[in-house]
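In my numbering, the protein residues as written are 2 to 188.
Where is the CB? At the ideal position from N, CA and C, for every residue including glycine.
Below you'll find the structure, written out as structure tokens, and then a few comments.
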Amino acid sequence: MSDKRWMQEALKEAEKAFRLGEVPVGAIITHSDDPDKLPGELVVRAHNLVETLGDPTAHAEIIAIRLAVDILQTKWLSGCRIYVTLEPCAMCAGAILQVRLSRLIYSVSDPKAGACGTLENLVQDARRNHQVDMTFGVLADRSRELLRSFFRHRRRGARVVDRGGLENRCAFAGTEGSNPSLSATKQ
Ligand SMILES: [Zn+2]
2 MSDKRWMQEA LKEAEKAFRL GEVPVGAIIT HSDDPDKLPG ELVVRAHNLV
52 ETLGDPTAHA EIIAIRLAVD ILQTKWLSGC RIYVTLEPCA MCAGAILQVR
102 LSRLIYSVSD PKAGACGTLE NLVQDARRNH QVDMTFGVLA DRSRELLRSF
152 FRHRRRGARV VDRGGLENRC AFAGTEGSNP SLSATKQ
């Protein structure tokens, strides 16, 4: 499946988080024996659960990584890709490096906390012993609209509930691309 198709799955997870009143971020991990080849297979899906669990570390990526390590019974996720709807923070970027994920695909940049190209780029620092191939901007408009919608609701003090119309409010016209200067550090 294409990056767009997988990102749609991650967005479904972000929508689940939205309905729980969580900041809408979703992540999935796919596995392929040859990570350069499509399609791969879905290993896990997860969404942000910070409020639900009362755990500030319960970001979608961390939950997905823990589940994948458990399911695949392996310490390393070197044959795997992670798709996230928001640029990973420093904690999640650290975890992505720690388990040696092969590829990171994220949707929208995070100007306040993004550690994969925005505030810094932890996953492609050539001084480290592992770098991660990276693509960003996949379905970015849709992810951005979901986040905006969430924060609009929150500012109004409204309870975010499932009204079944979420997808209709999301523009499906993401700008897709990768930054060659950022992905060129893979050895
Ligand atoms: Zn994070």
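Top-ranked residue by Cα proximity to residue i, from the options
| i | options | result |
| --- | --- | --- |
| Ile66 | Glu42, Val100, Asp142 | Val100 |
| Arg129 | Gly95, Asp56, Gly115, Phe19 | Gly95 |
| Ala11 | Ala59, Asn49, Ile97, Ser103 | Asn49 |
| Asn122 | Glu16, Leu148, Met92 | Met92 |
| Leu43 | Leu54, Arg82, Met135 | Arg82 |
| Arg6 | Ile30, Arg149, Gly22 | Ile30 |
| Leu102 | Ala69, Ala114, Asp111 | Ala69 |
| Leu87 | Gln132, Arg153, Asp56, Ala61 | Ala61 |
| Lys113 | Val133, Asp126, Gln132, Cys90 | Cys90 |
| Arg149 | Asp4, Ser3, Met8, Val26 | Val26 |
Opposing strand residues paired with residue i [DSSP bridges]
| i | result |
| --- | --- |
| Thr31 | Leu43, Arg82 |
| Met135 | Leu105 |
| His48 | Gly27 |
| Cys117 | Asn122 |
| Leu21 | Leu21 pairs with nothing; no bridge assigned. |
Residues near residue i by beta carbon distance below 6 Å, same chain, minus five either side
| i | result |
| --- | --- |
| Gln188 | With a pLDDT of 27 at Gln188, under the threshold of 50, the modelled position of this residue cannot be trusted; read the value that follows with caution. Answer for Gln188: no residue qualifies. |
| Ala1 | No information on residue 1 is available, as it lies outside the stretch 2 to 188 that the chain covers here. |
| His131 | Leu98, Arg101 |
| Arg46 | Glu14, Ile29 |
| Gly115 | Glu88 |
Own chain residues within Cβ distance below 7 Å of residue i, not counting five before or after
| i | result |
| --- | --- |
| Leu21 | Thr53 |
Assess contact between the region 135-154 and the region 8-27, defined as three or more Cβ pairs (one per stretch) separated by less than 8 Å. Is contact present?
yes
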